[in-house]
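Notes follow once the structure below has been shown.
2 protein chains.
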Amino acid sequence: MAQAKGFAAQSATSPLAPFNFERRALRADDVAIEIDYCGVCHSDIHTAENDWGGSVYPVVPGHEIIGHVTAVGSDVSRFKVGDIVGVGCLVDSCKHCSACDDGLEQYCLNGFVGTYNGQDKIDGTITYGGYSDSIVVHERFVLSIPEALDPASAAPILCAGITTYSPLKHFGVKAGDKVGVLGMGGLGHMGVKFAKAMGAEVTIFTRSESKVAEAKKQGADHVVISTDPEQMAAVAGTFNYLLDTIPVQHDLNPYLNCLKYDGVHILVGLIEPMDPPVHAANLVLKRRVIAGSLIGGLPETQEVLDFCAEHGITCDVEMLAMQDINQAYERMKKGDVKYRFVIDMASLKNA
Amino acid sequence: MAQAKGFAAQSATSPLAPFNFERRALRADDVAIEIDYCGVCHSDIHTAENDWGGSVYPVVPGHEIIGHVTAVGSDVSRFKVGDIVGVGCLVDSCKHCSACDDGLEQYCLNGFVGTYNGQDKIDGTITYGGYSDSIVVHERFVLSIPEALDPASAAPILCAGITTYSPLKHFGVKAGDKVGVLGMGGLGHMGVKFAKAMGAEVTIFTRSESKVAEAKKQGADHVVISTDPEQMAAVAGTFNYLLDTIPVQHDLNPYLNCLKYDGVHILVGLIEPMDPPVHAANLVLKRRVIAGSLIGGLPETQEVLDFCAEHGITCDVEMLAMQDINQAYERMKKGDVKYRFVIDMASLKNA
């Protein structure tokens with residue numbers, strides 16, 4: 001066991017505050033990591049505040065972790081002390097079901113273990129995430145960070161990045177396809193970069209005229225104001241894919257109408273009922289598809305890190321001191337961040 | 001122009017009754033067909049009774065047409081007098097858009113022309129369907145009926161058959177897959193036959209214990225009583241595909257939960273809002289897909305006819321005299337037909 005410092009929520013309503021705890025002793029296949037950076041995901045807020053239920057306090061959030069290896073267990077072969085590594089949303093799974101065999105640990109038939117608020121499969125303890133100075137993780141769930149990537153801005157690739165890359169890849173986005181991106185936050189802005197790198201013609205859908213310049217700056221070829229019926233009608237039936245990162249309930253029907261036949265509407269942000277209901281005719285009459293997708297497995301997470309290094313893709317980040325996390329949450333709730341906060345964990349030493 | 005006899009609804013509330021009209025004069029690329037059999041589809045009732053709006057009276061329903069060629073236009077190359085042929089749900093499309101170029105006339109970007117209650121692209125007249133002694137159709141929309149098929153029981157392949165075959169094929173059902181079929185009517189019973197012929201392990205979902213024997217008789221390997229939570233829980237996460245032929249609103253969520261990760265829920269019967277709303281988590285957490293599919297294009301409709309001939313697949317039919325159509329509609333509304341009525345058009349001569 002090793003002493004660890006972190007920030008935790010002690011209840012659904014308390015602000016995050018310093019929290020001392022113990023990290024588990026190194027198992028044979030474990031990697032010990034000193035954390036340098038941790039991205040801040042909306043899921044962190046939802047779990048800290050128990051929006052989805054099931055939060056077990058204290059909650060130490062954080063699943064966009066970049067650090068360096070400080071020790072490895074006796075059976076670890078892929079990493080050595082000093083390596084720059086990452087840990088994303090998963091720290092364990094059963095490792096022997098068909099999903100795990102396919103490198104789809106996020107769909108593990110026996111349940112994956114989340115990086116925080118998960119339950120360790122061996123000792124039953126609740127997992128603590130990356131708002132801390134260190135973490136101990138099974139080597140299968142540790143990623144190599146390519147040298148070409150800036151470590152701080154690479155952090156959000158581990159959640160926001162893989163969440164958008166994986167479905168674009170899985171559902172077959174290719175050069176020349178028309179891809180629409182709904183929502184321009186941490187996920188959406190990464191989706192634009194990936195779709196562009198895959199050769200697609202990318203349109204950002206936004207509710208507000210005020211975001212057009214920013215959307216263009218993000219690399220979008222076109223912008224559609226989704227609240228303008230004329231603009232929506234002008235693009236009816238033209239998209240091959242819509243990457244929907246909107247995290248709150250919204251009417252999918254006007255967007256589905258923008259898809260060509262065989263078009264795919266990919267949900268990565270919504271985990272609530274699709275209300276107002278989707279009209280089945282919007283699918284049946286044009287063989288359209290609504291799909292969901294959850295982060296990505298370990299092989300694909302390594303793939304997206306390598307893809308980012310190769311294509312010079314980074315997340316747009318705003319650096320944050322650990323002590324300012326509660327203000328950061330307030331700003332995120334208002335959508336006031338371009339596009340991801342990343343905690344510089346050096347700040348924790350002074351906390 | 002040629003005199004034709006048929007049965008038509010003159011209003012949303014009137015019963016179908018004898019109706020004399022004129023079929024168009026043969027165009028250069030037209031095939032004239034004397035109709036021998038016509039299947040009775042639920043869409044016939046919906047259009048006759050204006051359930052979907054847009055019905056233009058008189059309505060002569062019928063789009064599962066089998067007959068023989070009586071004349072061909074000067075440019076027709078694929079058919080000759082005497083050939084046994086079929087006409088399904090479509091009689092025209094633009095024939096030059098990307099969908100038509102791909103043989104997906106049902107998704108024609110400029111709109112297909114339905115076999116009845118459609119509008120002819122050349123003279124603007126409303127199309128009259130197969131409840132009649134003859135029809136005149138562009139040769140592209142005429143199918144060859146393989147000799148090995150019994151013409152009467154082949155009729156429903158042209159709608160019920162292609163509607164279920166097309167998505168099973170398109171979404172990739174293969175040997176060893178687990179396929180669930182929801183609804184055991186004209187579409188569902190064909191879906192079971194196709195999924196079995198593709199090598200899948202097939203489960204019929206039914207609400208009633210009383211249908212178990214019939215489901216097994218239809219070739220299902222297993223039956224799940226969908227109203228029994230224990231039976232539903234026992235198959236959670238196990239299906240690769242669900243072919244959903246239920247034509248009325250129903251809760252998709254319990255069925256989605258039966259799909260494995262990457263499972264596909266295919267809608268072919270529902271054309272109303274998906275209410276109660278689908279919970280997005282049921283898609284996102286397992287990368288599941290909800291897809292819709294509409295009949296099939298002409299090449300695939302020929303393919304399913306050939307597939308049926310090769311695999312000895314026929315539709316279970318109950319033969320009907322044209323004069324009994326109104327009673328047949330009443331029985332269909334109660335689900336009292338195993339599994340498709342087919343009108344023997346010889347009866348029309350005496351009507």
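Quick mapping for you: the protein sequence lines, in order, are chains A and B. Mapped onto UniProt numbering, the consecutive letters of the first sequence carry residue numbers 1 to 351. Mapped onto UniProt numbering, the consecutive letters of the second sequence carry residue numbers 1 to 351. Cβ atoms here follow ideal geometry from the backbone N, Cα and C, with glycine treated the same way. Since the model is a prediction, treat every value here as computed from it, not as a measurement.
Check: N- and C-terminal bounds of the alpha helix (DSSP H) containing Lys193/B; Outcome: 186-197
Check: Where Thr127/A falls, given that 16 or more other Cβ within 10 Å makes a residue buried; Outcome: buried
Check: Partners in chain B for Glu105/A, counting only beta-carbon separations shorter than 7 Å; Outcome: Correct list: empty, because the minimum Cβ distance to chain B is about 11 Å.
Check: Contacts around Gly82/B, its chain only, beta-carbon distance under 7 Å, and the 5 residues preceding and following it disregarded; Outcome: His68, Val69
Check: Span separating the alpha-carbon of Lys95/A from that of Cys108/A; Outcome: 8 Å
Check: C-beta neighbour in chain B for Val235/A, strict 9 Å; Outcome: no
Check: Closer than 9 Å at the beta carbon, the chain B residues around Lys169/A; Outcome: Per Cβ cutoff of 9 Å: no residues; Lys169/A is ~12 Å from chain B at best.
Check: Nearest to Ala28/B (by Cα), restricted to the options Tyr37/B, Gln10/B, Phe79/B, Ile45/B; Outcome: Phe79/B
Check: Spatial distance of Pro277/A from Leu283/B (CA atoms); Outcome: 15 Å
Check: Tyr255/B, enclosing alpha helix (DSSP H) - first and last residue; Outcome: 253-256
Check: Residue burial classification, Thr245/B (beta-carbon count within 10 angstroms, cutoff 16); Outcome: buried
Check: Proximity test, Cβ basis, 9 Å: Pro277/A and chain B; Outcome: yes
Check: Rounded separation between Phe141/A and Gly296/A - CA only; Outcome: 12 Å
Check: Proximal residues of chain B, C-beta to C-beta of residue 353/A below 8 Å; Outcome: The requested residue 353/A does not occur in the structure, where chain A is confined to residues 1 to 351.
Check: DSSP state of Glu310/B mapped onto helix, strand, coil; Outcome: helix
Check: Ala175/A beta carbon less than 9 Å from that of Cys315/A; Outcome: no
Check: For Ala71/B and Gln3/B, the rounded distance between their alpha carbons; Outcome: 15 Å
Check: Cβ distance (whole Å) where Gly186/B is taken to contact Tyr339/B below 8 Å; Outcome: 5 Å
Check: Beta-bridge pairing of Phe7/B - partner residues as DSSP gives them; Outcome: Pro18/B
Check: Short Cβ contact (9 Å threshold) for Ile266/B with Ser293/B; Outcome: yes
Check: Proximal residues to Leu90/A (C-beta, below 6 Å), its chain only, five neighbours per side dropped; Outcome: Glu105, Phe112, Phe141
Check: Option in Tyr116/B, Ile122/B, Glu147/B with minimal Cα separation from Ile135/B; Outcome: Tyr116/B
Check: Runs of beta strand (DSSP E) lying entirely within the stretch 249-333 of chain B, each at least 3 residues, in chain order; Outcome: 259-267, 289-292, 317-321
Check: Buried or exposed (CB count within 10 angstroms, at least 16 for buried), Val248/A; Outcome: exposed
Check: Cutoff 7 Å; reference His138/A; Cβ partners in own chain excluding five residues on either side; Outcome: Asp29, Asp30, Val91, Asp92
Check: Thr203/B to Lys211/B span [Cα, whole Å]; Outcome: 13 Å
Check: Beta carbon of Leu242/A nearer than 9 Å to that of Leu182/A; Outcome: yes
Check: Backbone CA spacing between Thr301/A and Met345/A [nearest angstrom]; Outcome: 23 Å
Check: Range of the contiguous beta strand (DSSP E) that encloses Lys211/A; Outcome: Where Lys211/A is concerned, there is no enclosing beta strand (DSSP E), given that its DSSP letter is neither H nor E.
Check: Option in Val179/A, Leu320/A, Val304/A with minimal Cα separation from Leu259/A; Outcome: Val179/A
Check: Best match in Asp306/A, Trp52/A, Gly73/A, Val264/A for proximity to Arg287/B [C-alpha to C-alpha]; Outcome: Val264/A
Check: Endpoints, beta strand (DSSP E) assigned at Ile84/A; Outcome: 84-87
Check: N- and C-terminal bounds of the beta strand (DSSP E) containing Ile65/A; Outcome: 65-72
Check: Residue closest to Met274/B, alpha-carbon to alpha-carbon, out of Asp262/A, Ala152/A, Glu230/A, Asp251/A; Outcome: Asp251/A
Check: Chain-ordered neighbours of Ala99/B on chain A, where CB pairs are closer than 7 Å; Outcome: Tyr261
Check: Those runs of the alpha helix (DSSP H) which lie wholly inside the stretch 140-178 of chain B and span at least 4 residues; Outcome: 151-154, 160-170
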